[in-house]
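Under the working numbering, the letters of the sequence shown match residues 21 to 152, in that order. Note that the Cβ used here is the ideal one computed from N, Cα and C, for glycine as well. This report refers to the structure that appears directly beneath it.
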Amino acid sequence: MTAEFDKTYTDWSIDVGTYKYEGITLNEVEQNLYAITDQEKDFVIVSPSNAISIDKKQYNFVQVCSDQDTDLLHIEISVTNDGDQGAIIYGKNELGPQEVLQIIEDFMVHHKVPALDSWEIVLDLRPKTESL
């Protein structure tokens, strides 16, 4: 277990629907991921107090819920391109709790995100441009 696992990240919050609190540990994130797989919780949202800027994109939050077709997890990442209005939510299905925890740990601790090329666009919240 890494030293980061019990470290409190004061500029991050966790929301599980019934409560939201600031200052979280990766251990708490992991417990909530397993609570989803055990069907004790519906979802968890992990978010920084300010969006994380990586490669001219703003990453706003990570949301995890159970995958509809399997016993595994579904993860979503909210991304806003610099200069754009509105976010794009990318999603990926059929991930285990440890795979999801690794993505969240990389995001929280190292400010790294996976390549989203193979991820599905779940929701595009950018304003529609009017065609002439």
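- Item | Euclidean distance between Cα positions of residue 25 and residue 106 | Approximately 32 Å between the Cα atoms of the pair.
- Query: Whose C-alpha, out of 128, 122 and 115, is nearest the C-alpha of residue 139?
  - Reply: Out of 128, 122 and 115, the CA that lies nearest to the CA of residue 139 is found in 115.
- Query: Which residue from 111, 49, 56 and 88 puts its Cα closest to that of residue 129?
  - Reply: Nearest of 111, 49, 56 and 88 to residue 129, Cα basis: 49.
- Task: Would you kindly work out how many angstroms separate the C-alpha atoms of residue 33 and residue 149, rounded to a whole number?
- Result: So the two alpha carbons sit approximately 34 Å from each other.
- Message: Comparing C-alpha positions only, which one of 76, 65, 137 and 55 sits nearest to residue 41?
- Response: Per the Cα distances, 65.
- Message: Give me, in chain order, the residues of the same chain whose beta-carbon lies closer than 8 Å to that of residue 28; leave out the 5 immediate sequence neighbours on both sides.
- Response: The answer, listed in chain order, is 43, 44 and 45.
- Query: When you compare each of 81, 92 and 103 to residue 56 by their alpha carbons, which one comes out closest?
  - Reply: Of the candidates 81, 92 and 103, the residue whose Cα lies closest to the Cα of residue 56 is 92.
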